[in-house]
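> So the sequence shown is numbered by my numbering: it starts at 298 and just counts up by one. Using N, Cα and C, we set each Cβ at its ideal position, and we do this for glycine too. This one's a predicted model, so the numbers in the text were calculated from it and none came from an experiment.
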Amino acid sequence: MNKFFITTPIYYINDVPHIGHTCTTIAADVIARLHRQKNDDVFFLTGTDEHGQKVAESAAKANLTPKAFCDSIAPRFEEAWKNLNISNDFFIRTTDSRHEKVVQDFLQKIYDKGDVYKAKYEGWYCIGCEKFLTESELVDGHCGLHPPEQTIWKSEENWFFKLSKYIPQIIKLIENNETNYIFPEGKRLEILSKLKNEEIRDLSISRENVSWGIPTPWDPKQTVYVWFDALINYYSATQFIEGKKDFWPADVHLLAKDILWFHTVIWQGMLLSAELPLPKKTFIHSFYLIDGQKMSKSLGNVISPGQLVDTFGVDGARYLIARSFPAENDSDVGIARFKEKYNADLANNFGNLVSRVSKLAEGLDFSANKTIKVENPSYEEKIDNFKFDEAINDIYSLYIDSANAKLNQETPWKLEKDDPKRIEILSSISKNIVTAAILLRPIMPEACLKIEEIFCGIVKATEKPLFPRIA
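Structural data, given as C-alpha coordinates:
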(Lines of atoms letter the chains of each structure in order from A and count residues from 1; the text may use other names and numbers.)
(Lines give C-alpha, C1' and ligand atoms only; values in the text may rest on other atoms or scores of the structure.)
Protein backbone atom coordinates (compact mmCIF):
# COMPACT_ATOMS: atom_id res chain seq x y z
CA MET A 1 0.00 0.00 0.00
CA ASN A 2 1.16 3.51 -0.78
CA LYS A 3 1.40 5.76 2.26
CA PHE A 4 -0.30 9.15 2.06
CA PHE A 5 -0.02 11.81 4.78
CA ILE A 6 -2.14 14.97 4.59
CA THR A 7 -2.43 17.76 7.16
CA THR A 8 -4.50 20.83 7.88
CA PRO A 9 -3.05 23.65 9.96
CA ILE A 10 -3.69 23.25 13.64
CA TYR A 11 -6.29 25.91 14.34
CA TYR A 12 -5.58 28.62 16.87
CA ILE A 13 -7.77 28.06 19.87
CA ASN A 14 -8.48 31.64 20.91
CA ASP A 15 -11.76 31.43 18.96
CA VAL A 16 -14.35 28.89 17.80
CA PRO A 17 -14.52 27.21 14.34
CA HIS A 18 -15.77 29.23 11.35
CA ILE A 19 -16.16 28.70 7.60
CA GLY A 20 -12.46 29.38 6.97
CA HIS A 21 -11.45 26.44 9.18
CA THR A 22 -14.28 24.42 7.64
CA CYS A 23 -13.09 25.09 4.10
CA THR A 24 -9.57 23.79 4.76
CA THR A 25 -10.70 20.77 6.77
CA ILE A 26 -13.32 19.58 4.27
CA ALA A 27 -10.85 19.99 1.39
CA ALA A 28 -8.27 17.87 3.23
CA ASP A 29 -10.94 15.29 4.04
CA VAL A 30 -11.96 15.01 0.37
CA ILE A 31 -8.33 14.30 -0.59
CA ALA A 32 -7.91 11.80 2.26
CA ARG A 33 -11.09 9.94 1.28
CA LEU A 34 -10.05 9.82 -2.37
CA HIS A 35 -6.76 8.17 -1.42
CA ARG A 36 -8.47 5.67 0.87
CA GLN A 37 -10.78 4.82 -2.04
CA LYS A 38 -7.60 4.11 -4.04
CA ASN A 39 -6.53 1.74 -1.21
CA ASP A 40 -3.69 3.97 -0.04
CA ASP A 41 -2.63 3.82 3.62
CA VAL A 42 -3.78 7.29 4.70
CA PHE A 43 -2.85 9.40 7.72
CA PHE A 44 -4.99 12.55 7.98
CA LEU A 45 -3.97 14.95 10.75
CA THR A 46 -5.73 18.02 12.14
CA GLY A 47 -5.88 19.64 15.56
CA THR A 48 -5.54 22.78 17.66
CA ASP A 49 -2.71 25.23 18.44
CA GLU A 50 -3.01 26.00 22.14
CA HIS A 51 -0.03 28.02 23.39
CA GLY A 52 0.92 31.68 23.19
CA GLN A 53 -0.01 35.16 24.28
CA LYS A 54 -3.41 35.32 22.55
CA VAL A 55 -4.62 32.15 24.26
CA ALA A 56 -3.49 33.44 27.65
CA GLU A 57 -5.35 36.72 27.04
CA SER A 58 -8.53 34.95 25.90
CA ALA A 59 -8.37 32.69 28.94
CA ALA A 60 -8.00 35.67 31.26
CA LYS A 61 -11.07 37.34 29.73
CA ALA A 62 -13.02 34.12 30.35
CA ASN A 63 -11.72 33.95 33.95
CA LEU A 64 -10.11 30.59 33.24
CA THR A 65 -6.60 29.21 33.39
CA PRO A 66 -5.07 28.81 29.91
CA LYS A 67 -5.31 25.00 30.14
CA ALA A 68 -8.95 25.10 31.29
CA PHE A 69 -9.74 27.52 28.46
CA CYS A 70 -8.10 25.22 25.90
CA ASP A 71 -9.95 22.23 27.32
CA SER A 72 -13.22 24.11 26.83
CA ILE A 73 -12.56 25.13 23.20
CA ALA A 74 -10.75 22.13 21.67
CA PRO A 75 -13.84 19.88 21.89
CA ARG A 76 -15.77 22.44 19.85
CA PHE A 77 -13.39 21.88 16.93
CA GLU A 78 -13.54 18.10 17.39
CA GLU A 79 -17.34 18.21 17.52
CA ALA A 80 -17.56 20.48 14.44
CA TRP A 81 -15.44 18.05 12.42
CA LYS A 82 -17.38 15.05 13.66
CA ASN A 83 -20.64 16.74 12.62
CA LEU A 84 -19.20 17.32 9.12
CA ASN A 85 -18.15 13.66 8.83
CA ILE A 86 -14.45 14.56 8.77
CA SER A 87 -12.38 11.37 8.71
CA ASN A 88 -9.19 12.59 10.42
CA ASP A 89 -7.08 9.80 11.90
CA PHE A 90 -5.80 11.91 14.78
CA PHE A 91 -6.62 15.22 16.44
CA ILE A 92 -3.44 16.72 17.86
CA ARG A 93 -3.33 19.33 20.63
CA THR A 94 -0.10 21.20 21.29
CA THR A 95 -0.72 20.88 25.04
CA ASP A 96 -0.25 17.11 24.65
CA SER A 97 2.84 16.25 26.71
CA ARG A 98 4.02 13.89 23.96
CA HIS A 99 4.05 16.75 21.45
CA GLU A 100 5.81 19.05 23.94
CA LYS A 101 8.58 16.45 24.37
CA VAL A 102 9.16 16.26 20.58
CA VAL A 103 9.26 20.09 20.38
CA GLN A 104 11.94 20.28 23.07
CA ASP A 105 13.98 17.51 21.43
CA PHE A 106 13.69 19.27 18.05
CA LEU A 107 14.78 22.59 19.54
CA GLN A 108 17.69 20.99 21.39
CA LYS A 109 18.87 19.38 18.15
CA ILE A 110 19.14 22.66 16.25
CA TYR A 111 20.69 24.31 19.34
CA ASP A 112 23.35 21.60 19.53
CA LYS A 113 24.02 22.11 15.83
CA GLY A 114 24.90 25.76 16.50
CA ASP A 115 21.86 27.21 14.73
CA VAL A 116 20.53 29.06 17.80
CA TYR A 117 21.93 32.17 19.51
CA LYS A 118 20.74 34.80 22.00
CA ALA A 119 20.18 38.40 20.93
CA LYS A 120 18.09 41.47 21.58
CA TYR A 121 15.44 42.39 19.05
CA GLU A 122 13.35 45.51 18.58
CA GLY A 123 10.58 46.00 16.05
CA TRP A 124 6.90 46.13 15.25
CA TYR A 125 5.06 43.08 16.54
CA CYS A 126 1.51 41.96 15.70
CA ILE A 127 -0.25 40.37 18.65
CA GLY A 128 -2.86 38.91 16.29
CA CYS A 129 -0.28 37.14 14.10
CA GLU A 130 2.12 36.64 17.03
CA LYS A 131 5.08 37.67 14.89
CA PHE A 132 7.48 40.54 14.26
CA LEU A 133 6.67 42.46 11.08
CA THR A 134 9.00 43.65 8.35
CA GLU A 135 8.56 47.09 6.81
CA SER A 136 7.02 45.53 3.69
CA GLU A 137 4.37 43.81 5.83
CA LEU A 138 3.18 47.05 7.45
CA VAL A 139 0.06 48.70 6.02
CA ASP A 140 -0.28 52.32 7.18
CA GLY A 141 2.05 51.48 10.05
CA HIS A 142 0.30 48.35 11.31
CA CYS A 143 -0.52 44.75 10.39
CA GLY A 144 -3.01 44.60 7.54
CA LEU A 145 -4.74 41.53 8.95
CA HIS A 146 -5.58 42.82 12.42
CA PRO A 147 -6.79 46.04 14.10
CA PRO A 148 -4.11 48.78 14.44
CA GLU A 149 -3.97 48.50 18.22
CA GLN A 150 -2.64 44.93 17.89
CA THR A 151 0.58 46.21 16.29
CA ILE A 152 2.98 47.24 19.05
CA TRP A 153 6.65 48.16 19.33
CA LYS A 154 8.41 45.36 21.13
CA SER A 155 11.92 44.95 22.53
CA GLU A 156 13.05 41.58 23.86
CA GLU A 157 16.16 39.50 24.43
CA ASN A 158 15.31 36.11 22.97
CA TRP A 159 16.82 33.02 21.43
CA PHE A 160 17.10 33.22 17.64
CA PHE A 161 17.17 30.55 14.94
CA LYS A 162 19.62 31.12 12.05
CA LEU A 163 16.93 31.13 9.39
CA SER A 164 19.02 33.36 7.12
CA LYS A 165 21.63 30.59 6.90
CA TYR A 166 19.17 28.38 5.03
CA ILE A 167 17.63 30.95 2.64
CA PRO A 168 19.98 30.20 -0.31
CA GLN A 169 19.17 26.49 0.00
CA ILE A 170 15.43 27.16 0.24
CA ILE A 171 15.55 29.35 -2.88
CA LYS A 172 17.28 26.54 -4.82
CA LEU A 173 14.68 24.03 -3.66
CA ILE A 174 11.80 26.25 -4.75
CA GLU A 175 13.41 27.08 -8.11
CA ASN A 176 14.09 23.44 -8.91
CA ASN A 177 11.08 21.87 -10.65
CA GLU A 178 11.81 18.53 -9.01
CA THR A 179 11.99 19.82 -5.44
CA ASN A 180 9.57 22.76 -5.57
CA TYR A 181 7.03 22.20 -2.80
CA ILE A 182 4.85 25.33 -3.17
CA PHE A 183 1.54 25.29 -5.05
CA PRO A 184 -0.22 26.93 -6.82
CA GLU A 185 2.32 28.69 -9.03
CA GLY A 186 1.27 32.21 -7.98
CA LYS A 187 2.18 31.48 -4.36
CA ARG A 188 5.51 30.00 -5.41
CA LEU A 189 6.39 33.17 -7.33
CA GLU A 190 5.27 35.33 -4.40
CA ILE A 191 7.58 33.56 -1.99
CA LEU A 192 10.51 33.58 -4.41
CA SER A 193 10.11 37.31 -4.94
CA LYS A 194 10.20 37.98 -1.21
CA LEU A 195 13.19 35.69 -0.65
CA LYS A 196 15.19 37.34 -3.43
CA ASN A 197 14.24 40.97 -2.88
CA GLU A 198 14.08 41.37 0.88
CA GLU A 199 16.56 40.90 3.68
CA ILE A 200 15.43 37.79 5.55
CA ARG A 201 16.10 38.10 9.25
CA ASP A 202 16.74 35.33 11.70
CA LEU A 203 13.72 34.09 13.64
CA SER A 204 13.08 34.75 17.31
CA ILE A 205 12.07 31.32 18.63
CA SER A 206 11.51 32.09 22.30
CA ARG A 207 9.59 34.61 24.41
CA GLU A 208 10.67 35.97 27.78
CA ASN A 209 7.34 37.34 28.96
CA VAL A 210 4.90 34.69 27.73
CA SER A 211 4.48 32.07 30.44
CA TRP A 212 1.87 30.01 28.56
CA GLY A 213 4.17 27.92 26.40
CA ILE A 214 6.68 25.09 26.33
CA PRO A 215 9.83 25.90 28.35
CA THR A 216 12.99 26.30 26.25
CA PRO A 217 15.14 23.23 27.11
CA TRP A 218 18.37 25.08 27.96
CA ASP A 219 16.71 28.26 29.27
CA PRO A 220 13.47 27.47 31.17
CA LYS A 221 12.92 31.17 31.92
CA GLN A 222 11.86 31.53 28.27
CA THR A 223 9.09 29.67 26.43
CA VAL A 224 9.10 28.38 22.86
CA TYR A 225 7.61 30.79 20.30
CA VAL A 226 4.10 29.59 19.53
CA TRP A 227 4.71 29.28 15.78
CA PHE A 228 7.87 27.23 16.25
CA ASP A 229 5.90 24.96 18.58
CA ALA A 230 2.89 24.74 16.23
CA LEU A 231 4.76 23.86 13.03
CA ILE A 232 6.42 20.88 14.66
CA ASN A 233 3.01 19.22 15.20
CA TYR A 234 3.11 17.78 11.68
CA TYR A 235 6.29 15.91 12.51
CA SER A 236 5.62 15.22 16.20
CA ALA A 237 2.40 13.31 15.51
CA THR A 238 4.34 10.82 13.39
CA GLN A 239 6.82 10.32 16.23
CA PHE A 240 4.53 9.54 19.15
CA ILE A 241 1.56 7.83 17.44
CA GLU A 242 2.21 4.13 17.11
CA GLY A 243 2.96 2.96 13.59
CA LYS A 244 3.21 6.43 12.03
CA LYS A 245 6.97 7.09 11.90
CA ASP A 246 7.20 5.98 8.28
CA PHE A 247 4.63 8.60 7.22
CA TRP A 248 7.07 11.51 7.45
CA PRO A 249 7.52 13.55 5.29
CA ALA A 250 3.99 14.76 4.69
CA ASP A 251 2.62 14.37 1.17
CA VAL A 252 0.47 17.51 1.47
CA HIS A 253 0.33 20.42 3.89
CA LEU A 254 -2.94 22.29 3.18
CA LEU A 255 -3.28 25.83 4.53
CA ALA A 256 -4.61 29.33 3.86
CA LYS A 257 -2.54 32.16 2.40
CA ASP A 258 -2.21 34.15 5.65
CA ILE A 259 0.24 31.53 6.99
CA LEU A 260 2.12 31.01 3.74
CA TRP A 261 5.48 32.34 4.99
CA PHE A 262 5.57 30.18 8.11
CA HIS A 263 4.95 26.99 6.16
CA THR A 264 7.02 27.55 3.03
CA VAL A 265 10.10 29.25 4.49
CA ILE A 266 10.33 29.01 8.28
CA TRP A 267 9.20 25.37 8.50
CA GLN A 268 11.57 24.38 5.70
CA GLY A 269 14.47 26.11 7.43
CA MET A 270 13.67 24.33 10.68
CA LEU A 271 13.57 20.95 8.96
CA LEU A 272 16.81 21.59 7.07
CA SER A 273 18.53 22.49 10.35
CA ALA A 274 17.15 19.37 12.04
CA GLU A 275 18.26 17.33 8.98
CA LEU A 276 14.76 15.98 8.38
CA PRO A 277 13.05 15.42 5.00
CA LEU A 278 10.91 18.27 3.69
CA PRO A 279 7.16 17.94 3.00
CA LYS A 280 6.50 16.98 -0.62
CA LYS A 281 3.78 19.55 -1.34
CA THR A 282 2.41 22.63 0.37
CA PHE A 283 -0.85 23.86 -1.13
CA ILE A 284 -1.93 27.38 -0.20
CA HIS A 285 -5.54 28.35 -0.79
CA SER A 286 -7.12 31.82 -0.73
CA PHE A 287 -9.92 33.21 1.45
CA TYR A 288 -13.68 33.26 1.52
CA LEU A 289 -15.39 36.62 1.19
CA ILE A 290 -18.89 36.73 2.65
CA ASP A 291 -21.19 38.60 0.27
CA GLY A 292 -18.23 40.61 -1.01
CA GLN A 293 -16.81 41.48 2.42
CA LYS A 294 -14.02 40.11 4.56
CA MET A 295 -15.39 37.83 7.26
CA SER A 296 -15.61 39.71 10.56
CA LYS A 297 -17.34 39.20 13.90
CA SER A 298 -18.00 42.94 14.10
CA LEU A 299 -19.89 42.76 10.78
CA GLY A 300 -21.81 39.72 11.97
CA ASN A 301 -21.09 37.83 8.74
CA VAL A 302 -19.19 34.86 10.22
CA ILE A 303 -20.59 31.53 9.04
CA SER A 304 -20.08 28.60 11.41
CA PRO A 305 -19.84 24.93 10.43
CA GLY A 306 -22.93 24.28 12.55
CA GLN A 307 -24.91 26.84 10.56
CA LEU A 308 -23.92 25.13 7.30
CA VAL A 309 -24.95 21.68 8.55
CA ASP A 310 -28.25 22.95 10.00
CA THR A 311 -29.14 24.64 6.70
CA PHE A 312 -27.83 22.20 4.08
CA GLY A 313 -27.22 18.91 5.85
CA VAL A 314 -23.81 17.30 6.20
CA ASP A 315 -23.28 16.28 2.58
CA GLY A 316 -24.89 19.43 1.24
CA ALA A 317 -22.47 21.53 3.30
CA ARG A 318 -19.48 19.46 2.15
CA TYR A 319 -20.56 19.78 -1.49
CA LEU A 320 -20.96 23.56 -1.28
CA ILE A 321 -17.54 24.00 0.30
CA ALA A 322 -15.94 21.84 -2.41
CA ARG A 323 -17.78 23.72 -5.16
CA SER A 324 -16.66 27.11 -3.84
CA PHE A 325 -13.18 26.13 -2.64
CA PRO A 326 -10.88 29.18 -3.09
CA ALA A 327 -7.97 27.28 -4.62
CA GLU A 328 -6.21 30.24 -6.26
CA ASN A 329 -8.42 33.31 -5.83
CA ASP A 330 -10.73 34.51 -3.06
CA SER A 331 -14.20 33.02 -3.35
CA ASP A 332 -17.30 35.13 -2.71
CA VAL A 333 -19.92 33.10 -0.86
CA GLY A 334 -22.88 33.58 1.46
CA ILE A 335 -25.92 31.70 2.68
CA ALA A 336 -28.10 33.06 -0.16
CA ARG A 337 -25.52 32.01 -2.78
CA PHE A 338 -25.15 28.62 -1.14
CA LYS A 339 -28.93 28.07 -1.20
CA GLU A 340 -29.06 28.90 -4.89
CA LYS A 341 -26.22 26.47 -5.70
CA TYR A 342 -27.61 23.73 -3.46
CA ASN A 343 -31.05 23.89 -5.07
CA ALA A 344 -29.67 24.04 -8.62
CA ASP A 345 -27.09 21.25 -8.33
CA LEU A 346 -28.42 18.91 -5.67
CA ALA A 347 -32.15 19.39 -5.08
CA ASN A 348 -33.26 20.09 -8.67
CA ASN A 349 -30.60 18.12 -10.55
CA PHE A 350 -28.78 15.15 -8.99
CA GLY A 351 -31.25 14.54 -6.19
CA ASN A 352 -34.25 14.87 -8.52
CA LEU A 353 -32.63 12.46 -11.00
CA VAL A 354 -32.13 9.84 -8.28
CA SER A 355 -35.73 10.24 -7.11
CA ARG A 356 -37.25 9.99 -10.61
CA VAL A 357 -35.20 7.00 -11.73
CA SER A 358 -35.63 5.08 -8.48
CA LYS A 359 -39.42 5.38 -8.80
CA LEU A 360 -39.38 4.31 -12.46
CA ALA A 361 -37.01 1.39 -11.73
CA GLU A 362 -38.60 0.20 -8.48
CA GLY A 363 -38.51 -3.59 -8.28
CA LEU A 364 -35.92 -4.00 -11.05
CA ASP A 365 -32.77 -5.95 -10.28
CA PHE A 366 -29.68 -3.84 -10.92
CA SER A 367 -27.26 -6.05 -8.94
CA ALA A 368 -24.89 -5.96 -11.91
CA ASN A 369 -24.07 -2.38 -10.92
CA LYS A 370 -22.10 -3.76 -7.95
CA THR A 371 -19.36 -4.76 -10.39
CA ILE A 372 -18.97 -1.29 -11.92
CA LYS A 373 -15.26 -0.37 -12.00
CA VAL A 374 -14.65 3.34 -12.16
CA GLU A 375 -11.41 4.73 -13.55
CA ASN A 376 -11.20 8.43 -14.21
CA PRO A 377 -7.56 9.57 -13.87
CA SER A 378 -8.41 13.11 -15.00
CA TYR A 379 -10.99 13.46 -12.22
CA GLU A 380 -8.59 12.09 -9.59
CA GLU A 381 -5.83 14.42 -10.76
CA LYS A 382 -8.12 17.43 -10.47
CA ILE A 383 -9.21 16.42 -6.96
CA ASP A 384 -5.57 15.85 -5.95
CA ASN A 385 -4.75 19.36 -7.19
CA PHE A 386 -7.70 20.94 -5.34
CA LYS A 387 -9.56 21.74 -8.56
CA PHE A 388 -12.78 20.53 -6.99
CA ASP A 389 -15.12 22.71 -9.03
CA GLU A 390 -13.61 21.52 -12.31
CA ALA A 391 -13.75 17.89 -11.16
CA ILE A 392 -17.41 18.15 -10.14
CA ASN A 393 -18.27 19.86 -13.44
CA ASP A 394 -16.77 16.86 -15.24
CA ILE A 395 -18.94 14.43 -13.28
CA TYR A 396 -22.08 16.41 -14.01
CA SER A 397 -21.24 16.66 -17.69
CA LEU A 398 -20.19 13.02 -18.18
CA TYR A 399 -22.75 11.25 -16.03
CA ILE A 400 -25.48 13.31 -14.38
CA ASP A 401 -26.44 15.71 -17.18
CA SER A 402 -26.17 12.93 -19.75
CA ALA A 403 -28.41 10.70 -17.60
CA ASN A 404 -30.98 13.48 -17.32
CA ALA A 405 -30.82 14.04 -21.09
CA LYS A 406 -31.30 10.33 -21.83
CA LEU A 407 -34.20 10.08 -19.39
CA ASN A 408 -36.01 12.98 -21.02
CA GLN A 409 -35.24 11.86 -24.57
CA GLU A 410 -36.15 8.18 -24.13
CA THR A 411 -39.25 8.80 -21.92
CA PRO A 412 -39.23 5.30 -20.36
CA TRP A 413 -42.36 6.14 -18.33
CA LYS A 414 -44.33 5.83 -21.56
CA LEU A 415 -43.35 2.16 -21.89
CA GLU A 416 -44.82 -0.84 -20.06
CA LYS A 417 -43.03 -1.82 -16.85
CA ASP A 418 -41.84 -5.16 -18.26
CA ASP A 419 -40.85 -3.74 -21.66
CA PRO A 420 -37.19 -4.76 -22.28
CA LYS A 421 -36.49 -1.36 -23.81
CA ARG A 422 -37.71 0.42 -20.66
CA ILE A 423 -35.52 -1.85 -18.53
CA GLU A 424 -32.50 -1.26 -20.81
CA ILE A 425 -32.95 2.53 -20.67
CA LEU A 426 -33.26 2.60 -16.89
CA SER A 427 -30.35 0.18 -16.47
CA SER A 428 -28.12 2.42 -18.61
CA ILE A 429 -29.14 5.53 -16.67
CA SER A 430 -28.63 3.75 -13.33
CA LYS A 431 -25.03 2.94 -14.33
CA ASN A 432 -24.39 6.63 -14.91
CA ILE A 433 -25.88 7.47 -11.53
CA VAL A 434 -23.81 4.83 -9.70
CA THR A 435 -20.62 5.91 -11.49
CA ALA A 436 -21.26 9.54 -10.48
CA ALA A 437 -21.92 8.46 -6.89
CA ILE A 438 -18.68 6.46 -6.68
CA LEU A 439 -16.67 9.41 -7.96
CA LEU A 440 -18.44 11.93 -5.73
CA ARG A 441 -18.20 9.72 -2.64
CA PRO A 442 -15.16 11.59 -1.16
CA ILE A 443 -17.22 14.80 -1.29
CA MET A 444 -20.63 13.45 -0.19
CA PRO A 445 -19.89 10.09 1.46
CA GLU A 446 -23.25 9.35 3.09
CA ALA A 447 -25.50 10.45 0.23
CA CYS A 448 -23.38 8.68 -2.39
CA LEU A 449 -23.32 5.39 -0.48
CA LYS A 450 -27.10 5.64 -0.17
CA ILE A 451 -27.38 6.16 -3.94
CA GLU A 452 -25.18 3.12 -4.55
CA GLU A 453 -27.38 1.06 -2.25
CA ILE A 454 -30.50 2.13 -4.15
CA PHE A 455 -29.14 1.21 -7.59
CA CYS A 456 -26.93 -1.81 -6.84
CA GLY A 457 -29.63 -4.35 -6.06
CA ILE A 458 -33.40 -4.59 -6.18
CA VAL A 459 -34.30 -0.93 -6.64
CA LYS A 460 -36.39 0.72 -3.96
CA ALA A 461 -37.92 4.10 -4.67
CA THR A 462 -36.60 6.86 -2.40
CA GLU A 463 -39.24 7.73 0.18
CA LYS A 464 -37.95 11.23 0.68
CA PRO A 465 -35.59 13.46 -1.31
CA LEU A 466 -31.88 13.00 -0.67
CA PHE A 467 -31.49 16.77 -1.00
CA PRO A 468 -34.73 18.52 0.00
CA ARG A 469 -35.22 21.86 -1.70
CA ILE A 470 -34.44 24.85 0.54
CA ALA A 471 -36.63 27.92 0.39
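(1) For the alpha helix (DSSP H) that Y639 lies in, which residues bound it at each end?
(2) Taking the runs of the beta strand (DSSP E) that are 3 residues or longer, which of them lie wholly in the region 516-586?
(3) For N360, report the span of its alpha helix (DSSP H) as first-last.
(4) Indicate the three-state DSSP secondary structure (helix, strand or coil) for V507 in the structure shown.
(5) Could you tell me if N800 is buried or exposed, where buried requires 16 or more neighbouring beta carbons within 10 angstroms of its beta carbon?
(6) Among the residues of its own chain, which have a CB less than 7 Å from the CB of A614, if the five just before and after it don't count?
(7) Output needed for Y422: all residues of its chain with C-beta closer than 8 Å, excluding positions within five of it in sequence on either side, in chain order.
(8) In or out: H318 buried (at least 16 other Cβ within 10 Å) or exposed?
(9) Could you give the DSSP three-state label for L746: helix, strand or coil?
(10) What separation, rounded to the nearest whole angstrom, lies between the Cα atoms of L657 and K757?
(11) Do A534 and L342 have their C-beta atoms closer together than 7 Å?
(12) Going by C-alpha to C-alpha distance, which of I726, T668, P739 and H396 sits closest to F525?
(13) To the nearest angstrom, how far is the alpha carbon of V352 from that of R390?
(14) Touch check for the region 627-644 and the region 719-727: three-plus C-beta pairs under 8 Å?
(15) Measure the alpha-carbon distance for V507 versus D368 and round it to whole angstroms.
(16) Using only the alpha-carbon positions, how far apart do H332 and E678 sit?
(17) Can you have a look at T708 and say buried or exposed, based on whether 16 or more other CB atoms are within 10 angstroms of its CB?
(18) Please report how far the alpha carbon of Q405 lies from the alpha carbon of Y522, in whole angstroms.
(19) Three-state secondary structure (DSSP) at H348?
(20) Where does V339 land, buried or exposed, given buried means 16+ other C-beta within 10 angstroms?
(21) Can you tell me which of F685, I722 and G510 puts its alpha carbon nearest to the alpha carbon of A700?
(22) Determine the closest residue to H348 out of N360, L650 and F366, with distance taken between C-alpha atoms.
(23) How is the alpha helix (DSSP H) around G483 delimited, first residue to last?
(24) Tell whether a beta-carbon distance below 7 Å holds between G589 and D555.
(25) Measuring only the C-alpha atoms, how far is N474 from V549?
(26) Which residues in the same chain have their Cβ closer than 8 Å to the Cβ of E505, if we skip the five residues on either side of it in sequence?
(27) Alpha carbon to alpha carbon, how far is F685 from R620?
(28) Alpha carbon to alpha carbon, how far is T561 from L661? Give it in angstroms, no decimals.
(29) In or out: D715 buried (at least 16 other Cβ within 10 Å) or exposed?
(30) When burial is assigned at 16 or more other CB atoms within 10 Å of the CB, is R766 buried or exposed?
(31) Hey, out of E760, R719, E713 and A644, whose CA is closest to A768's CA?
(32) Between the beta-carbon of L528 and the beta-carbon of T321, is there less than 7 Å?
(33) Below 8 Å on the Cβ atoms is my guess for I497 versus L460; work out the distance and round it to an integer in Å.
(34) Within this structure, are the beta carbons of N646 and V731 separated by less than 7 Å?
(35) As a quick exercise: from I581, P717 and Y693, pick the residue whose alpha carbon is nearest that of T305.
(36) Given that a residue counts as buried once 16 or more other Cβ atoms are within 10 Å of its Cβ, and exposed if not, what is D437?
This is what the structure gives:
(1) I632 to Y639
(2) 516-521, 549-553 and 579-582
(3) Looking at the DSSP string, N360 is not in any alpha helix (DSSP H), and its letter there is neither H nor E.
(4) coil
(5) A query on residue 800 cannot be resolved here, the shown segment of the chain reaching from 298 to 768 and no further.
(6) L381, L605 and V606
(7) K428, F429, L430, T448, I449, W450 and K451
(8) buried
(9) helix
(10) 10 Å
(11) yes
(12) H396
(13) 13 Å
(14) no
(15) 19 Å
(16) 11 Å
(17) exposed
(18) 14 Å
(19) coil
(20) buried
(21) I722
(22) F366
(23) E482 to N494
(24) no
(25) 17 Å
(26) E453, E454, N455, K518 and Q519
(27) 6 Å
(28) 55 Å
(29) exposed
(30) exposed
(31) A644
(32) no
(33) 6 Å
(34) no
(35) I581
(36) exposed
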